[in-house]
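Engineer:
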Amino acid sequence: MNIPSDFRSTQAEPFRRWTATLLLWSWFSALLYGSSIGALARSIVHDENGDTLYRRGVSFTDQVSFDNYSLSLRGQRIFLHSGEFHTFRLPVPSLWPDILQKVKASGLNAVSVYVHMGLLNPSRGVVDFDGFRALKPLYEAALDAGIWIVLRPETSAGGIAHWATSEVAGTLRTSAPDWKEAWMDYILGIIEETGPYQITEGGPVIDNEFTQSIGAEYFAELEEVYRNSSIVLPLTYNDPGQGRNFINGTGAVDLYGLDSYPQGFDCSHPLDWNRVTLNYHQYHEAVNPSQPWYFPEFQGGSFDAWGPTAPGYAPCAVRTGPDFMSVFYLQLWASNAKLLSYYMIYGGTSWGAVYTSYDYGASIDEARQLTTKYDELKRQGLFVRSSPEFYKTDWIGDSSTGLSILSSNAVFATYLLNPDTQAGFYIIRHNDSTSTDITDFKINVTTAEGNLQIPIIASAVTLGGRQSKVIVTNYAFGSSRLLYSTASIFFAGRIDGRDVLFIYGDASQEHELALSLTGRSFRKAYDTSSFRATLTPNTVITIFSFPTETQGLVTVYDSDSQLVVFADSDTVATFWAPVIPGDNDSLRNFWGLGTNQSVLVGDLNASTPLTIIAPAAISSVTWNGAVLSVNASSSLTVIGGLVGELTLSSASVDIAGAPRLEGWKFRDSLPEIGPTFDDGSFVVANHTTTNIPLKPYYSDGTILYGCDYGFCENIVLWRGHFNGTGTEQSLNLSVNGGEAFAASVWLNNVFLNTSYGNSTNNRNTIEETDDVFLFPKGTVLRGDNVITVVQDNMGLNETSGTNPNSSKSPRGIRGFQLNSGKFTQWRVQGKIGGYTDFPDKTRGVFNEGGLYGERKGWHLPGFDTSSWESRDLNHGLPKSAAGVGFFVTTFDLHIPEGHDVPMSFTFNEPLGQPYRAYLFVNGWMMGKRVGNLGPQAKFPVHQGILDYSGTNTVAVALWAMEADATITPDLQLSVDAVYEGGPGGIVTNNPRWSPAGRV
């Protein structure tokens, strides 16, 4: 292991430049550590008239700067390589390190994080950083993993707390005084939590992104608050299109970035591609050429819509799969972008306009499992991490600007050149980026030995359909420098004083590598197709050619100063390259210094061979604390090659399926339609004004918007009273609930009908309905009559276009009118206590709605259901009635320690049944099943929500939306996978039922 001479002088720093590297081959996720980047600063550049042209990084702190190429930390350039991760979509803080370690293992060095104002700031004056809303555990986990954090506001109502959409009279996202008063506590809370974790304080936070907005003055106000605080980080902007916003003038940010989703969101046709965007580089040069090119949010997956024809997230993963990543991510590289973040790298679990799953077709799926997309991400990520020369490149030209270097017109090339080292990067794709053709070509490249047409031995470079690749020239690995490679670079660096190069390529293609070999060779070099050439005097270059069908791991050259290996693309995906910081304690923990032992930690789902390239001093290996039997492998490399076997333990093999969900208890949860129900505890709905700009269509002037009464989330119940005279025959209702909502209506205890906001794959999105409900003969009583409306709320709209107030969604009843007569009073009830006094502060403001059972706490563990009737969930409601009922059961889990076992709840009955089910697991609302729409039927639930060593409570609020319909929910629990290892130390935080605050 090569430790620099100044190693001990860096020991006190929280992030360290010097690293040691270990190459591992196996199917596991290793614990990783590493170094990161820092805060930016700015100065203002003016033209000859004194007008602001742009801002550039100089010095809020002497640790960080940026130029037109990239960011620099303490004089060291970095490539910001990030993925999006939202902690609130994984409400188990002790699982966050698992995601961050997997991010780091992929070669990325940062995560971008939405900060959820709606959760943190549930009501005016309240800022809550407890539990899964906390930021400090995220920051600590990022410190441990050695990755950076970019904070970004978005999500609920596009990043606005729901209460503000009702209480703020002024225009949102502007300099309106009451909006400033509304956001101030939240921003100050973020500052207080984040200040101590900035790079300047030894922390991981490097960037704070402004939200999308049209208000320059508003931006300036936000900036003033940040700059008058402890925050010295750069302020960035994610422009949702090529709009040239906030680059200069009032509200200009420190670093401009572009948002881009070039593949779109039609997951129903996953193989239909859009073409790559061609003008990224030209746009950058036109709008902010003095800054590095930044994509704060680039497509890493796709959302899916409600509807029976919506395909689910699996096709989204195909549409944005490894081939998409190859073509579209490398197109970003070709534009000379050096700051990239992919949305999402882990999606998780959500709610609102998309269904519960937010898997997003991401590289890490909702159950935290690695996908084939992750393999491609790792191939790219480790190349970037291994290639510091790539962090500073000039854009020389491409095939559209006269760069004529290719033998085939079907291929497109972009040439990037490091001006200091002359390392060249030729990024290749098809001219038609959607093409599935296989194309052979040769390319003229500039090398240290002159201009060459390559390959020289191989017949051609082959470009597969929907594939991009990088051909490098004059490329450094350690102190060596290769001349060119048509094979891709997986790893380049030093291990134990040797220069190590790991290249790869598809087994169906030929590949070629040219370099000067050094050192005393331990064996004959790989010679299937190779020769030594003298291209210039005193320089001997060896050219290696790898024919098609070259598979597995091949040692190309092994000497005391160099190691070169080749693998096919599938094999290379099984390798890992952990980075260990140059901290004496961390090195001791990983390498076991003093014992010549390598300490490895990871997850294993099958027995597999293990191959290690490590320092020569390492002679033994432990895996998750157990000593492995390993042998030196001279066939791989004479120095530091070890092979062994990772074997699943019998405990892993013996973990069986999940317990069946049975022994259900049932109770009616809609007493509001009963003749004796007293709604005196409901809130009187008597407002005649509202700050929500979309006013009622027709009514008596009464405003019936849930948020105006404190009920902004989930199910809300409305009760309208009128005096029956015998002339009332119908009710006209306009209901607004958001995409794919529903509202069921009763007159007294008689079910009238359900209004559906159905959508089909987001092409028939209905967030509002207008229906006439006919009263059956004899149902109107003399005297008091009650209309009861059970209305779902699918979440508030995000800000749309140039109208900041579009987030003020009129969820509720926008029109009500009897055919004869008037209502005497309306009352409303949502979650108990509304957004100001809801009792369950642990699970947060979004967890509960206004159903009777929710208000009573029937969904919570510990609630006594012993007096309830026994009724199977798949029998539906008694008498096949329309209405709402609660079903509750318990089960035990006994998952042994040292295992990660993803589990899911699945509704197995056919799609199309007219019901909604709200799945609560140990009190947490973890699934909204819309039986008539779908597509989601499977709901992953994580350890920490599930107690893997105890009793678990499952509650289902079943809303039958039709009478006499087939409604047979078949809910079961399943084990999705078994991994030996696991993150460990998972903490459950599932408060039990208490009568406090329950009515």
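Each step along the sequence shown adds one to the number in the working numbering, with nothing skipped, and position 52 is 45. Backbone N, C-alpha and C define an ideal beta-carbon position, used for all residues, glycine too.
1) What residue does the alpha helix (DSSP H) around G827 start on, and which one ends it?
2) Could you tell me the alpha carbon to alpha carbon distance between I153 and N925, rounded to whole angstroms?
3) Mapping the DSSP letters down to three states, classify V225 as helix, strand or coil.
4) Find the nearest neighbour of P803 within the set A875, F884, I696, V743, judged by alpha-carbon distance.
5) Between which two residues does the alpha helix (DSSP H) containing I184 stretch?
6) Can you give me the start and stop residues for the beta strand (DSSP E) that Y306 sits inside?
7) Considering only their Cβ atoms, is the gap separating I482 from S1058 smaller than 8 Å?
8) Starting from V106 and walking both ways along the alpha helix (DSSP H), at which residues does that stretch end?
9) Measuring only the C-alpha atoms, how far is G719 from W819?
10) Among D551, S328, V311, N424, which residue has its Cα nearest to the Cα of E278?
11) Specify, as a first and last residue, the run of the beta strand (DSSP E) that F434 falls within.
12) Is it true that the stretch 264 to 281 meets the stretch 884 to 898, where meeting means three or more beta-carbon pairs spaced less than 8 Å apart?
13) So that I know if they touch, is there some Cβ in chain D lying closer than 8 Å to that of V549?
14) Report the three-state DSSP secondary structure of P976 (helix, strand or coil).
15) Taking Cβ to Cβ, would you say I436 is nearer than 8 Å to I464?
16) Sorted by chain position, which residues of the same chain lie with C-beta nearer than 8 Å to L325's C-beta, five sequence neighbours on each side aside?
17) Just how far apart, CA to CA, sit G139 and G990?
18) Can F766 and L726 be called in contact, C-beta distance under 8 Å?
19) In angstroms, rounded to a whole number, what distance separates the CA positions of I357 and K385?
20) How many Å lie between G855 and G637 at the Cα?
21) As a quick exercise: from V614, S897, F568, pick the residue whose alpha carbon is nearest that of A930.
22) Span of the alpha helix (DSSP H) holding I780?
23) So for P602, helix, strand or coil by DSSP?
24) Between the C-alpha atoms of G118 and S87, what's the straight-line distance to the nearest angstrom?
25) Can the beta-carbon of V743 be found closer than 8 Å to that of T772?
26) Between which two residues does the beta strand (DSSP E) holding F59 run?
27) The ligand ADP heavy atoms versus the CB of G814: any closer than 7 Å?
28) Let me check one thing: in DSSP terms, what residues is G390 bridge-paired to?
29) CA-CA distance, L93 and P664?
30) Tell me, please, whether the stretch 456 to 475 touches the stretch 491 to 506 by the rule of three or more beta-carbon pairs shorter than 8 Å.
31) Taking Cβ positions, are E955 and T681 nearer each other than 8 Å?
32) Along the chain, where does the beta strand (DSSP E) that runs through T1069 open and close?
33) May I have the straight-line CA-CA distance separating S253 from R712, to the nearest angstrom?
34) Please report how far the alpha carbon of T758 lies from the alpha carbon of D413, in whole angstroms.
35) Residue range of the beta strand (DSSP E) that R70 falls in?
36) Measure from the alpha carbon of G305 to the alpha carbon of each residue in D316, M318, L323, D259, then state which is nearest.
Structural biologist: Based on what the coordinates show:
1) Here the alpha helix (DSSP H) through G827 covers 827 to 830.
2) Cα atoms of I153 and N925: separation of roughly 31 Å, rounded to the nearest angstrom.
3) Note: V225 maps to coil in three-state DSSP.
4) It is I696.
5) Run containing I184: 170 to 187, per the alpha helix (DSSP H) assignment.
6) Segment 306 to 312 is the alpha helix (DSSP H) holding Y306; no beta strand (DSSP E) there.
7) Shown here, the chain extends from -6 to 992; a query on residue 1058 therefore has no answer.
8) Where V106 is concerned, there is no enclosing alpha helix (DSSP H), although the beta strand (DSSP E) around it starts and stops at 103 to 108.
9) Approximately 20 Å between the Cα atoms of the pair.
10) When each option's Cα is compared against that of E278, the closest is S328.
11) That run of the beta strand (DSSP E) goes 432 to 434.
12) Counting Cβ pairs under 8 Å, fewer than three are found: no touch.
13) Chain labels in this structure do not include chain D; a single protein chain is all it has.
14) Correct three-state label for P976: coil.
15) Result yes, Cβ atoms of I436 and I464 sit closer than 8 Å.
16) Only Y273, F288, F291, L333 meet the Cβ criterion.
17) So the two alpha carbons sit approximately 43 Å from each other.
18) Closer than 8 Å, so yes.
19) Approximately 30 Å, taken between the alpha carbons.
20) Cα to Cα, the separation comes out at about 49 Å.
21) That would be S897, whose Cα lies nearest to the Cα of A930.
22) Looking at the DSSP string, I780 is not in any alpha helix (DSSP H); the run it does join, the beta strand (DSSP E), is 776 to 784.
23) In this structure, P602 counts as strand in the three-state DSSP scheme.
24) Each residue's alpha carbon lies about 28 Å from the other.
25) Less than 8 Å separates the beta-carbon of V743 from that of T772.
26) It spans 57 to 59 - the beta strand (DSSP E) in which F59 sits, taken as one unbroken run.
27) Because no ligand of any kind appears in the structure shown, any question about the ligand ADP cannot be addressed here.
28) Answer is Y408.
29) Near 47 Å, if we compare the C-alpha coordinates of P664 and L93.
30) Yes: the two stretches touch, three or more of their Cβ pairs being nearer than 8 Å.
31) With contacts defined by Cβ atoms closer than 8 Å, E955 and T681 do not form a contacting pair.
32) Any property of residue 1069 remains undetermined from this structure, which presents the chain solely from -6 to 992.
33) Those two C-alpha atoms are separated by around 45 Å.
34) Rounded to the nearest angstrom, the two C-alpha atoms are 54 Å apart.
35) Under the DSSP assignment, R70 falls in the beta strand (DSSP E) whose first and last residues are 69 to 71.
36) Taking the Cα of G305 as reference, the smallest distance to any Cα among D316, M318, L323, D259 is reached at D259.
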